[in-house]
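Accompanying notes for the structure given below.
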Amino acid sequence: MNVSRIALAGGVAASTVLLLAGTASAHVSVQPQGEAAKGGYATINFKVPNERDDASTTKLEVNFPTDHPLSSVSAQALPGWKIEITKSKLAKPLDVHGKKINEAVSKVTWTADGTGIAPGYFQQFPLSVGQLPEDADQLVFKALQTYSNKEVVRWIEEPTAGGDEPESPAPVLKLTAASADAHGAAADDKSSESDAAKAKDTTASSKTASSASSSSSDSTARVLGVVGIVIGIAGVAFGVLAGRRRSA
3 MNVSRIALAG GVAASTVLLL AGTASAHVSV QPQGEAAKGG YATINFKVPN ERDDASTTKL
63 EVNFPTDHPL SSVSAQALPG WKIEITKSKL AKPLDVHGKK INEAVSKVTW TADGTGIAPG
123 YFQQFPLSVG QLPEDADQLV FKALQTYSNK EVVRWIEEPT AGGDEPESPA PVLKLTAASA
183 DAHGAAADDK SSESDAAKAK DTTASSKTAS SASSSSSDST ARVLGVVGIV IGIAGVAFGV
243 LAGRRRSA
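Right, dumping it as structure tokens:
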């Protein structure tokens with residue numbers, strides 16, 4: 003009897019842990035399509051699950067980091083959603099490709115003009131962003147999720163290194179090592195490789211042509227030599243015959 007009670011208690015505890023883990027993991031998150039390389043541009047998706055059984059998600063507000071402002075942000079049109087991009091003045095202008103940028107996107111808001119995200123469903127909200135910072139390993143976006151019953155869930159708690167996940171964690175975009183293509187170095191390398199290949203091809207072609215020319219000259223000399231020998235032999239024969247006729 004005691005063993006049965008212990009097993010039952012253990013099963014309830016395990017179910018509770020799984021339930022809590024599932025609840026904690028169901029939050030607003032952000033992931034790149036492919037990779038988000040430092041100093042480059044990327045397409046990112048904010049994934050928003052609906053965590054309520056009796057309400058729909060009708061609004062999402064994503065606040066952009068102010069310590070690493072992004073000058074270029076564009077949204078993909080989503081059926082059933084209105085999109086508003088808010089920009090703010092920068093205290094320190096950004097230098098993007100030699101051009102001074104005095105303002106950057108501070109917030110993007112999606113508002114449902116229909117039912118929104120129904121219970122049991124999730125929605126992805128894509129953005130094209132850049133230029134990503136070169137001096138950071140991640141970007142933290144604070145998000146507000148509003149439900150049809152006016153409830154607002156604030157996903158704004160920043161994770162700590164080595165610590166447990168917060169109860170309402172903010173979406174975090176992990177940045178990868180700088181890509182050579184993002185700075186044009188790869189293109190230069192490919193161009194250099196192409197030029198080197200062309201130079202090799204040109205050198206090889208010149209050597210081939212020179213070899214062919216040399217071979218052709220040798221063949222011509224040989225032919226002329228043979229012709230000269232034949233003519234010489236014919237001359238000697240003609241002289242012998244002429245001498246015999248005179249003697250006769």
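Our numbering applies: residue 3 is where the sequence shown begins, and numbers increase by one. Yeah, the Cβ is synthetic: ideal placement off N, Cα and C, and Gly gets one too. Model, not experiment: these values are computed from the prediction.
Practice task
Quick one: residues in its chain with C-beta nearer than 7 Å to the C-beta of SER150, no 5 flanking neighbours on either side, listed in chain order?
Solution key: ALA57, SER58, THR60, GLY118
Problem - Cross-strand partners of ILE119 (DSSP beta bridge) - result: THR59
Practice task
Work out the CA separation of ARG54 and PHE66 for me, nearest whole Å.
Solution key: 26 Å
Exercise for the section: Could you say which of SER76, HIS70, PRO71, TRP83 lies nearest to GLN125 if we only look at CA atoms? Expected result: TRP83
Practice task
Could you check if VAL110 is buried or exposed, using at least 16 other CB atoms within 10 Å of its CB as the buried criterion?
Solution key: buried
Practice task
Could I get the ranges of all uninterrupted alpha helix (DSSP H) runs contained in the region 83-154, with 4 residues as the minimum, in chain order?
Solution key: none
Problem - Coarse secondary structure for ALA39, derived from DSSP in three states - result: strand
Practice task
Confirm, please, whether the CB-CB distance from PHE143 to ALA106 is below 8 Å.
Solution key: no
Handout entry: Unbroken beta strand (DSSP E) run spanning PRO34, endpoints
Key = 31-34
Practice task
Grab the span of the beta strand (DSSP E) containing GLY45 for me, first residue to last.
Solution key: Per the sequence presented here, residue 45 reads as Thr, with Gly not at that position. 44-51 is the span of the beta strand (DSSP E), which, as asked, contains THR45.
Practice task
Go ahead and pull the three-state DSSP assignment for ARG54.
Solution key: coil
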